[in-house]
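Okay, so here's the structure we're looking at.
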Amino acid sequence: MAELLRTQARKPKCYLLRPVTFLLIMLILVFFGAGFLSPRSPVLWSRRAGAGEAGRESIGLQVVKLSRMVYPQPKVLTPSRKDVLVLTPWLAPIIWEATFNTDILNEQFRLQNATIGITVFAIKKYVVFLKLFLETAEQHFMVGHRVNYYVFTDRPADVPHVPLGEGRQMVVLEVPASARWQDVSMRRMEMISSFCEQRFLREVDFLVCADVDMKFRDHVGVEILSQLFGTLHPGYYRASREAFPYERRPQSQAHIPRDQGDFYYMGAFFGGSVSEVYRLTKACHQAIVADRANGIEAVWHDESHLNRYLLDHKPTKVLSPEYMWDEKLLGWPAIMRKLRYVAVPKNHREIRNR
Amino acid sequence: MDGFSIQLTRLLFRGTVAHHTLRSTHSPLPAGQLHCIWASAGRTGNMKLQYKGEKLFQPVAQSRYPQPKLLEQRPTELLTLTPWLAPIVSEGTFNAELLQHIYQPLNLTIGLTVFAVGKYTHFVQHFLESAELFFMHGYRVCYYVFTDDPTAIPQVPLGPGRRLGIIPIQRHSRWEEISTRRMEIISQHIAKRAHREVDYLFCVDVDMVFRNPWGPETLGDLVAAIHPGYYAVPRQQFPYERRHVSTAFVADGEGDFYYGGAVFGGRVANVYEFTRGCHMAILADKANGIMAAWQEESHLNRRFISHKPSKVLSPEYLWDDRKRQPPSLKLIRFSTLDKDTSWLRS
């Protein structure tokens, strides 16, 4: 504090000259600064150089300048949640209600004009789920940000017309259907990876891959976005790893031994940057093909392969089961402060393979 | 997870990069599916500044470690995540072996800057010896020692892959001058040299000592450390610069943590932007005849409010030995040198 007193004592006595001098010097500094910020400056040039693909890659990771905001002070000695783990052993955040401030995160992503793509597959009778999915997404999913819905379907005529908010658009992609529901599920990996190259890389910064037989019930926002995220399966967040329904046969590419595994991730909600989703879906597709050649099909299909991948390539964020819930099956335990993305009741026998 | 972001950014797979095949002994995927991709220098073509090749993270070779406990088990009584989802690193929040498995194959080089001006050259020996024991063990390290008297810098034996650069700087009569020029000197040094030599850079005070491992858990895009004197204090009592005329001004209702000026770092490109930004703000203040209450630390704190760090280090990484260590801080890794006993020991 002695230093504080010292600097205050040093204040000059002339009051009129100071503002003028200050203004003049600020003007000079502005010109100097502007000169420095021209493309001659190699460091800043590198940040702007990839306005196209390379520039896209760093969205969400840039350090941006936030405006002044008012919010309660975070307290070092007060964990935000005492009942759950909010950080994985590899230092990836686990997203639960109360761990994040939506205003700060929204501004960080808006300042970079992030565009979020969401893929959804409505094959055969599953088109019937689209209306509720899209309507609830309009209310809860990435509100305020640019969103592209990518609807993969074999029945483009049956895609409902849902009014979309500003900065949000829908793209319908016609794809062939498979006879077996297991193949419909697994082919998603192939199709997503192929469209990553074809268009997602150029059109969006982040990609979310979601199941269609679901609805949004509460906020699902930019807090989920990072290079690679998976979502905890609501049926296994309490289980020990030996009980996870990993593929256990060593012949399968998705095999995970009983003494390994962090979490059991659900195949219905994963995502990340386009390049990371591309790598994941490509790897899973190739693993599925390899399995098929060996005459084996993983116990939970694409979900088994997803779990193998996320064991080897740790996600940079993990979403709590708030982001993947089934109230009918699991009720509403106190630990889930919000149910954000939930199963829509369906008759399995009715809807599959039709 | 912040530490990954360097590896996961700037992936180029348009055929302009060199591919290297990685053999992973444990992965069931056929070899050739796993590859490490380096962004080639050619991408940054006509630029003078080419950052060191940026690498992707590779599959983790399987290490045996306990399953993370999702419910009730709190490894620490500290806050472990900021409201903008930056991890706050402390003992118990991470598995060091797992992180080692993830980061080791990336062949990273970590830089460490330190200023030893005038009498402060006396601290260099002990600082470097402790860094050799605890700082980024097993990684390539470049120490950058800025000093007005290169002959006063002792020869400290360094481990393999670790080297020392001594950079002469001008001496100033007033200690505040030395302190406020650090931002400028660091940014210039990065532009001139460090951007080519290191992936990450930490900037720390020299009158300190490493006491326990400081590893890859600290790596991130932009890293700040919580000041040991203010972690339990309401923000109104943080010693921010409170005069409106200063560019470091922080209003009453603003502020997350009070960060210490003695430790900051991150990816070298981000440290460049950060130190440059602080330097410009210091210049603007200088033009107005004002020096912020705690010199660079005030400017650092101002900047970290508007440019939030992607990772925060708990006071374990910046401790003051004169303080009583609370039970919530389990492992002090970097702290002030107890100046009295240092004489006794030597």
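Residue numbers (the numbering used here), protein chains in the order written: chain A, 25 to 378; chain B, 64 to 409. Backbone N, C-alpha and C define an ideal beta-carbon position, used for all residues, glycine too. Since we're looking at a predicted model, the values are computed, not measured.
Check: How big is the Cα-Cα spacing for B/Asp262 and B/Ile253?
Finding: 11 Å
Can you tell me which of B/Ser250, B/Ile216, B/Asp315 puts its alpha carbon nearest to the alpha carbon of B/Gly181? B/Ile216
- Chain-ordered neighbours of B/Val272 on chain A, where CB pairs are closer than 7 Å: Ordered by position in chain A, no residue passes the 7 Å Cβ test against B/Val272, which lies about 23 Å from the chain.
So if I threshold CB-CB distances at 9 Å, which residues from the stretch 344-371 of chain A count as touching chain B? Ser344, Ile359
Worksheet entry | B/His307 at chain A interface by Cβ criterion, 8 Å | no
| request: For the stretch 246-267 of chain B, enumerate the residues whose C-beta is nearer than 7 Å to any C-beta of chain A, in chain order. | output: Ala254
- Message: Let me see if you follow: with CB-CB separation under 8 Å, is B/Thr156 close to chain A or not?
- Response: yes
Buried or exposed: which applies to B/Ser377, given that a residue is buried once 16 or more other Cβ atoms fall within 10 Å of its Cβ?
buried
If you follow the beta strand (DSSP E) that B/Thr399 is part of, which residue opens it and which one closes it?
397-399
Item checked: Backbone secondary structure at A/Met348 - three-state DSSP -> coil
TODO: Identify which residue in B/Thr310, B/Ser391, B/Asn351 has its Cα closest to the Cα of B/Glu360.
DONE: B/Thr310
At a cut of 8 Å, does the stretch 132-149 of chain A reach the stretch 198-211 of chain A through at least three beta carbon pairs? yes
Beta-carbon within less than 7 Å of A/Gln275's beta-carbon, same chain only, minus the 5 sequence neighbours each way: which residues are those? Asn318, Ile320
Inset, instruction - Tell me A/Leu252's beta-bridge partners as DSSP assigns them. - result: A/Gly296
Kindly list, in the order they appear in chain E, the residues whose Cβ is closer than 7 Å to that of A/Pro187.
In the displayed structure, chain E is absent; the protein chains listed are A and B.
_Assigned secondary structure, A/Thr112 (DSSP; H/G/I helix, E/B strand, else coil)_ = coil
*asked:* Using a Cβ distance threshold of 8 Å, determine whether the stretch 210-219 of chain A contacts the stretch 281-290 of chain A, with at least three qualifying pairs required.
replied: no
- [ ] State the Cα-Cα distance for the pair A/Asp283 and A/Leu304, rounded to the nearest angstrom.
- [x] 23 Å
- Coarse secondary structure for B/Tyr27, derived from DSSP in three states: Any question about residue 27 of chain B goes unanswered here, given that chain B covers just 64 to 409.
Worksheet item: When the Cα of B/Phe327 is compared with those of B/Val187, B/Arg366, B/Leu392, B/Pro223, which residue comes out closest?
Response: B/Arg366
For A/Ile128, decide whether its Cβ has a neighbour in chain B, counting only Cβ atoms nearer than 8 Å. yes
Looking at chain B, is there any beta carbon in it that lies within less than 8 Å of the beta carbon of A/Ser62? Because the pLDDT at A/Ser62 is just 40, under 50, the model does not fix this residue reliably, and the value given afterwards should be weighed accordingly. No, A/Ser62 does not count as interfacial toward chain B.
| task | Return the first residue and the last residue of the alpha helix (DSSP H) that B/Ala347 is part of. | result | 331-350
- Query: Alpha carbon to alpha carbon, what distance is there between A/Ser328 and A/Arg204?
  - Reply: 17 Å
**Asked** Leaving out five residues before and five after B/Gln130 in sequence, what residues of the same chain have Cβ atoms less than 7 Å from its Cβ?
**Response** none
* To do: State whether the stretch 230-249 of chain B contacts the stretch 294-302 of chain B, with contact taken as three or more CB pairs (one from each stretch) at a distance under 8 Å.
  => no
> For B/Trp357, which three-state DSSP category applies?
Replying inline: coil
Assign A/Met360 to one of three DSSP states: helix, strand, or coil.
coil
How big is the Cα-Cα spacing for B/Glu379 and A/Gln97? 21 Å
Next on the checklist: In whole angstroms, give me the CA-to-CA distance for B/Tyr207 and B/Thr281.
Outcome noted: 19 Å
How would you write the range of the beta strand (DSSP E) that B/Ile173 sits in, first residue to last? 172-179
**Report entry** Close beta carbons around A/Tyr270, own chain, < 7 Å, minus the five adjacent residues each side
**Finding:** Ile280, Gly285, Ser328, Asn331
Is the stretch 340-351 of chain B touching the stretch 286-295 of chain B, taking contact as three or more C-beta pairs under 8 Å?
no
* Report yes if the C-beta distance between A/Phe236 and A/Val298 is below 8 Å; otherwise report no. => Note that residue 236 of chain A corresponds to Val in the displayed sequence, not to Phe. Against a cut-off of 8 Å, the Cβ pair of A/Val298 and A/Val236 comes out as no contact.
(request) Classify A/Val181 as helix, strand or coil using the three-state DSSP reduction. (result) It should be pointed out that residue 181 of chain A corresponds to Ala in this sequence rather than to Val. Helix at A/Ala181.
Query raised in the report: In chain A, what lies closer than 9 Å to B/Trp277 by C-beta?
Result: What B/Trp277 touches in chain A: nothing, since even the nearest Cβ is about 15 Å away.
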